[in-house]
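Taken in sequence, the protein lines are chains A and B. Mapped onto my numbering, the consecutive letters of the first sequence carry residue numbers 1 to 423. Mapped onto my numbering, the consecutive letters of the second sequence carry residue numbers 1 to 315.
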Amino acid sequence: MKKFIAIILIVAIAVGTVFAGGSKEEAADDGKITLNLYWWGNQIRNDVTQKAVELYMEQNPNIVIRTEFADWSGYWDRLSATAAGGNMPDIVQMDYSYLNQYQQNGLLADLTPFIEDGTIDVTNVPESIIASGSVDGRCYALSLGSNAPVMVYDPAITEAAGVTIPDQLTFDQLYEIGETIYEKTGVRTYFDGGINMMQILARSYGSHIFDELAAGDETTMLKHWTNVKRFNDSEASISPDLLSEKNPDIVETKPIVDGTTWNDFSYSNQFIAIVNAAGRPLAMSMYPMPDDAVEQPMFLKPSQFFSIAETSAHKEEAAKFLDWFTNSVECNEILMAERGIPISTAVAEAIMPLVDENTQAIFEYIDAVGAIATPIDAPDPAGKGEIEAIGKTTAEDVRYNTYTPEEATADYVSRAHSILQSQ
Amino acid sequence: MSDKKKKGPQRTVILRKREMTLAQKMNTQAVAGYVFVALFIIGFLSFMIIPMAMSFGFAFTRYNILSAPRFIGLENFKEMFTNDPVFWQSFKATMYYVVFSVPMRLIMALVIALLLVRKSKASGVYRALFYLPSIVGSSVAVAILWRRMFASDGVINSMLQAVGINCEIAWLGRTDTAIWTLIILAVWQFGSSMLIFLAGLKQIPVSLYEVADVEGANPFTRFFKITLPMLTPTIFFNLINQLINGFMAFTQSYIITQGRPRNSTLFYTVYMYQNSFTYNKMGYGCAMAWFMIVIVGALTLILFKSQNKWVYYES
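Rendered as structure tokens:
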């Protein structure tokens, strides 16, 4: 018994020493406040954000900001894990499709008090932009810029093939232009089989993809898989083998980057990253739509937000950083609208003359989309991630001819339906 | 303790004596041992046993990480076995990977070990070189290197073209070849098994070979009648180790192929990870984890039971 107690004591001392060592390290920061900042992005975003953060720490010597970044899918894996562990980073990048889920679980701090007391200055920010990050009238996420779906293409190749790309193609036009380009240059066409295209297609007929899937409605999906099949069967299209290898989900390996294809699909704020990865000039056109579309499917979306974790011990300091990020011209001269056009009109005006031609192109593109855009779909339901993943394999099933469009539709809709039901 | 205090002075003397023995006891090897293993025990409890117990509990719940788990009984297992084609795809892919990569890796390791067991000046260098892939093997950098090597315009195709084979296969883009790029990567990482084989080979008594020489046995017979039987305990150990490792493979699939194409390289662990963290279905992920434990446990048990049939222990 005594031996046991002695062991317990020794163990307690040992553990105490370990923990004491840990707290000593914390104290070594001389009473500085540490904020953790976490975002998803690409190499450029990582670089400019890091630079901006360093400038902030220079100007605010009592703040230490620890940064972490990941790519899109890795980001959400990590974030949910930290949320579960109760150690979510103080400031996190948030997306429109995840906002509801995180807010409903009480993980995001209410920013409204900070906006009201002026810690976050929004005098130059349009009301609608604050609203895009609000739930039930309370703001939980501060938008960092506007965004729109985009088809990226290589103007050198289209020129060589003697075709011009209008502001927005129809599917038939895309198909024909693809064939012409392949004939003239040997460069292939890519047709997006993923969730963004499904969304655009549904919107073209005045519907919403997740409403349809929740109701088990096959209308849009049958059209979608028929389109995927049609483009895949074209000689001009990239083969499923190559497409799988190149993996358009990752900017750096997109098939347009090494010139395997002349087009690709993404969001406008990824444009600069794609251009940089490709190392040659690219251009933008709106997402193509069906020839018999009844509504304009294009929409504007908040590119991403910053949110403050409810668990953060330094909400006030985090809010100050958000204010600086939003309103400092100096900061945005480093960021150069990489996350989208700055939401503060004053900042946007100040950096407009400074941005390079690619960013300028995005400014113009967002303007053009803004002129015709229809309202965005409601935030995506929980289960979107899994439905998106199943969509990717189903697209492969269609492209490798394992499924006919009809089989793909039946399988996909029933699986998506049951996922949405079970949420 | 408290009732001891009530006793008279005589008792105190005895107590003091006991304290002496306690001080002595503190100096015994057993106590030293406990102290040394204490840190491990704490780590083992807090990072293995407690999380495992929690995961067992989660396996019977619907748990999205962000809000509290809800008990749903065997629903997760029912969903897994009856309503989730991807689950079976990932199970099949992992089985395929294990069935081919484990024996091939062991054979590779044994062959190289046989070559390196001879004494020569360079053998140390060679051992280090052959072991190197195992150290860097499961790293992200190698995974990315592998993806580039097997790209349609990668070095593998270039090499094939250089020797006159006009090959433009997208190795990673075909359901029949993508998994093999991962298997080859696994076989390449034979280093740790090789080291164990080397140790095993050195323990075979030289006298056996001397007798074989006297009897005029050829190298072939020597290998199959002496080396192989004497090495069976080492083979057995390696087999169990590599089998478990094989089922735990993650990085290759996660980084190189991400399950593409058509989930043909979606390893069980990757799908488990996706469920747990990407789809926020932690309960389901835990259920998958426990199914895997049962499978690996059963296979290990079968192997242990089969020992009498093929493993030769000298003593």
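Ideal Cβ placement from N, Cα and C applies to all residues, glycine included.
Margin query: Could you tell me the alpha carbon to alpha carbon distance between A/Ala-20 and A/Ala-361, rounded to whole angstroms?
Written below: The count along the first sequence starts at 1 and reaches residue 20 of chain A at position 20. The count along the first sequence starts at 1 and reaches residue 361 of chain A at position 361. Low local confidence applies: a pLDDT of 44 at A/Ala-20 is under 50, so the model's placement there is unreliable, with the coordinate-based value given in what follows. Straight-line Cα distance between these residues: approximately 55 Å.
Check: Beta-carbon of A/Lys-24 versus every beta-carbon of chain B: anything under 8 Å?
Finding: Translated into positions along the first sequence, residue 24 of chain A becomes position 24. With a pLDDT of only 37 at A/Lys-24, under 50, the local geometry of the prediction cannot be trusted, and no value is derived from it.
Notebook entry, point to check: A/Leu-107 versus chain B: which residues are under 7 Å apart at the beta carbon?
Noted result: Residue 107 of chain A sits at position 107 when you count from the first residue of the first sequence. Contact note: A/Leu-107 reaches chain B through Leu-66, using a C-beta cutoff of 7 Å and chain order.
Notebook entry, point to check: With burial defined as no fewer than 16 other Cβ atoms inside 10 Å of the residue's Cβ, what is the status of B/Tyr-313: buried or exposed?
Noted result: Within the second sequence, numbered from 1, the residue matching residue 313 of chain B stands at position 313. By the neighbour-count rule (16 or more Cβ atoms within 10 Å), B/Tyr-313 is not buried but exposed.
Notebook entry, point to check: On the three-state DSSP scale, how would you describe A/Tyr-75?
Noted result: Sequence index remark: in the first sequence, residue 75 of chain A carries index 75 (1-based). In this structure, A/Tyr-75 counts as helix in the three-state DSSP scheme.
Margin query: Since A/Val-369 and A/Met-289 should fall inside the 8 Å C-beta cutoff, what is the C-beta to C-beta distance between them, to a whole number of angstroms?
Written below: As a first step, residue 369 of chain A is located in the first sequence; it is residue number 369 there, counting from the start. As a first step, residue 289 of chain A is located in the first sequence; it is residue number 289 there, counting from the start. About 13 Å; that fails the 8 Å criterion.
Margin query: For the beta strand (DSSP E) containing A/Pro-288, name the first residue and the last one.
Written below: Position 288 of the first sequence holds residue 288 of chain A. Element bounds for A/Pro-288: 283 to 289.
Margin query: I'd like to know if B/Arg-70 contacts chain A, where contact means its C-beta is closer than 8 Å to some C-beta of that chain.
Written below: As a first step, residue 70 of chain B is located in the second sequence; it is residue number 70 there, counting from the start. Judged by the 8 Å Cβ criterion, B/Arg-70 is not in contact with chain A.
Notebook entry, point to check: How big is the Cα-Cα spacing for A/Met-94 and B/Gln-203?
Noted result: One-based indexing of the first sequence puts residue 94 of chain A at position 94. One-based indexing of the second sequence puts residue 203 of chain B at position 203. Going from the Cα of A/Met-94 to the Cα of B/Gln-203 covers about 60 Å.
Next item on the list: Rounded to whole angstroms, what's the CA-CA distance from B/Ala-122 to B/Ala-113? Just pull it up for me.
Entry: Within the second sequence, residue 122 of chain B is the residue found at index 122, counting from 1. Within the second sequence, residue 113 of chain B is the residue found at index 113, counting from 1. So the alpha carbons of these two residues sit roughly 14 Å apart.
Note to self: Counting only Cβ pairs nearer than 8 Å, list the residues of chain B close to A/Asp-397.
What the structure shows: As a first step, residue 397 of chain A must be located in the first sequence, where it is residue number 397. Those within 8 Å of A/Asp-397 in chain B are Arg-262.
Next item on the list: Write down the C-beta distance between A/Ile-91 and A/Ala-313 rounded to the nearest angstrom, noting that I regard them as a contact closer than 8 Å.
Entry: Walking along the first sequence from the start, residue 91 of chain A turns up at place 91. Walking along the first sequence from the start, residue 313 of chain A turns up at place 313. Wrong, their Cβ atoms sit about 13 Å apart, outside the cutoff.
Notebook entry, point to check: Would A/Leu-242 count as contacting chain B if we go by Cβ distances under 8 Å?
Noted result: Numbered from its first residue, the first sequence carries residue 242 of chain A at position 242. For A/Leu-242, the answer is yes, since a Cβ of chain B falls inside 8 Å of its Cβ.
Next item on the list: Per DSSP, which residues does A/Val-64 bridge with? Please list them.
Entry: Your numbering for residue 64 of chain A matches position 64 in the first sequence. A/Val-64 pairs with A/Thr-34.
Next item on the list: Give the interface partners of A/Asn-483 over in chain B, defined as CB-CB distance under 8 Å, in chain order.
Entry: Beyond the ends of chain A as shown, which are 1 and 423, falls residue 483 of chain A; an answer cannot be given.
Margin query: Please state the DSSP three-state secondary structure of A/Asp-136.
Written below: Reading the first sequence from its first residue, position 136 is the one you call residue 136 of chain A. Looking at A/Asp-136 - three-state DSSP - the assignment turns out to be coil, as it is neither helix nor strand.
Notebook entry, point to check: Would you call the stretch 300 to 307 of chain B and the stretch 78 to 89 of chain B in contact, with 3 or more CB pairs under 8 Å?
Noted result: no
Checklist line | B/Ile-235 versus B/Phe-250 - alpha carbon distance | finding: Here residue 235 of chain B refers to the residue found at position 235 of the second sequence. Here residue 250 of chain B refers to the residue found at position 250 of the second sequence. Looking at the two C-alpha atoms, the distance is approximately 24 Å.
Notebook entry, point to check: Just the Cα atoms here: how many angstroms apart are A/Gln-421 and A/Asp-356?
Noted result: Here residue 421 of chain A refers to the residue found at position 421 of the first sequence. Here residue 356 of chain A refers to the residue found at position 356 of the first sequence. Cα-Cα distance, rounded: 47 Å.
Check: Using a Cβ-Cβ cut-off of 6 Å (strictly less than) and excluding sequence neighbours within five positions of A/Val-135, which residues of its own chain qualify?
Finding: One-based indexing of the first sequence puts residue 135 of chain A at position 135. Here the set comprises Gln-103.
Notebook entry, point to check: Is B/Asp-153 buried or exposed, if buried means 16 or more other CB atoms sit within 10 Å of its CB?
Noted result: If you number the second sequence from 1, residue 153 of chain B lands on position 153. With fewer than 16 other Cβ atoms within 10 Å, it is exposed.
Check: Would a C-beta distance cut-off of 8 Å place A/Ala-408 and A/Leu-107 closer than the cut-off?
Finding: The count along the first sequence starts at 1 and reaches residue 408 of chain A at position 408. The count along the first sequence starts at 1 and reaches residue 107 of chain A at position 107. It is not a contact, given that the beta carbons lie outside the stated cut-off.
Next item on the list: Could you name the residues of the same chain whose beta carbon sits closer than 8 Å to that of A/Met-336, not counting the 5 residues immediately before and after it, in chain order?
Entry: Residue numbering aside, residue 336 of chain A sits at position 336 when the first sequence is read from its first letter. These residues qualify, in order along the chain: Val-48, Ile-351, Leu-354, Val-355, Asp-356, Thr-359.
Note to self: Using C-beta distances below 6 Å, list every residue in its chain close to A/Glu-252, excluding the 5 sequence neighbours before and after it, in chain order.
What the structure shows: Locating residue 252 of chain A in the first sequence gives position 252, counting from the first residue. Hits under 6 Å: Ala-277.
Checklist line | Environment of A/Thr-260 [buried if 16+ CB atoms lie within 10 Å] | finding: Numbered from 1 along the first sequence, position 260 holds the residue referred to as residue 260 of chain A. It counts as buried.
Next item on the list: Can you have a look at A/Pro-149 and say buried or exposed, based on whether 16 or more other CB atoms are within 10 angstroms of its CB?
Entry: For the purposes of this step, residue 149 of chain A is identified with residue 149 of the first sequence, where counting begins at 1. A/Pro-149 should be labelled buried.
Note to self: So B/Leu-172 contacts chain A; which residues on that side make the cut at Cβ distance below 8 Å?
What the structure shows: Within the second sequence, the letter at position 172 stands for residue 172 of chain B. Correct list: Ser-244, Glu-245.
Check: Along chain D, which residues have their Cβ under 8 Å away from the Cβ of B/Thr-82?
Finding: No chain D appears in this structure, whose protein chains are A and B.
Notebook entry, point to check: Taking C-alpha atoms, which residue in B/Lys-25, B/Ser-193, B/Leu-301 lies nearest to B/Phe-130?
Noted result: As a first step, residue 130 of chain B is located in the second sequence; it is residue number 130 there, counting from the start. Of B/Lys-25, B/Ser-193, B/Leu-301, the residue nearest in Cα terms is B/Ser-193.
Item checked: Residues of the stretch 166 to 196 of chain A whose Cβ lies closer than 7 Å to any Cβ of chain B, in chain order -> Of all residues in the stretch 166 to 196 of chain A, none places a beta-carbon less than 7 Å from a beta-carbon of chain B.
Check: When the Cα atoms are used, what is the spatial distance from B/Gly-246 to B/Trp-290?
Finding: Along the second sequence, read from residue 1 onward, the residue named residue 246 of chain B stands at position 246. Along the second sequence, read from residue 1 onward, the residue named residue 290 of chain B stands at position 290. Counting only the Cα atoms, B/Trp-290 lies some 16 Å from B/Gly-246.
Next item on the list: Assign A/Phe-321 to one of two classes, buried (16 or more other C-beta atoms within 10 Å of its C-beta) or exposed (fewer than that).
Entry: Residue mapping note: residue 321 of chain A aligns to position 321 of the first sequence, counting from 1. So A/Phe-321 ends up on the buried side.
Margin query: Contact defined as beta carbons within less than 8 Å: I believe A/Val-125 pairs with A/Ser-344. What is the distance between those atoms, to the nearest angstrom?
Written below: Residue numbering aside, residue 125 of chain A sits at position 125 when the first sequence is read from its first letter. Residue numbering aside, residue 344 of chain A sits at position 344 when the first sequence is read from its first letter. Correct: roughly 6 Å between the Cβ atoms.
Note to self: Does chain B have any CB closer than 8 Å to the CB of A/Thr-17?
What the structure shows: Position 17 of the first sequence, counted from the first residue, corresponds to residue 17 of chain A. Since pLDDT at A/Thr-17 reaches only 46, below the 50 mark, its modelled position is unreliable, and the value read off the structure follows with that caveat. No, its Cβ sits nowhere closer than 8 Å to a Cβ of chain B.
Check: Is DSSP giving A/Gln-423 helix, strand or coil here?
Finding: Here the question's residue 423 of chain A lines up with position 423 in the first sequence. Reduced to three states, the DSSP call for A/Gln-423 is coil.
Checklist line | Residue closest to B/Phe-71, alpha-carbon to alpha-carbon, out of B/Arg-105, B/Ile-135, B/Thr-61, B/Ile-144 | finding: For the purposes of this step, residue 71 of chain B is taken as residue 71 along the second sequence, with counting starting at 1. Of the listed residues, the one whose Cα sits closest to B/Phe-71 is B/Thr-61.
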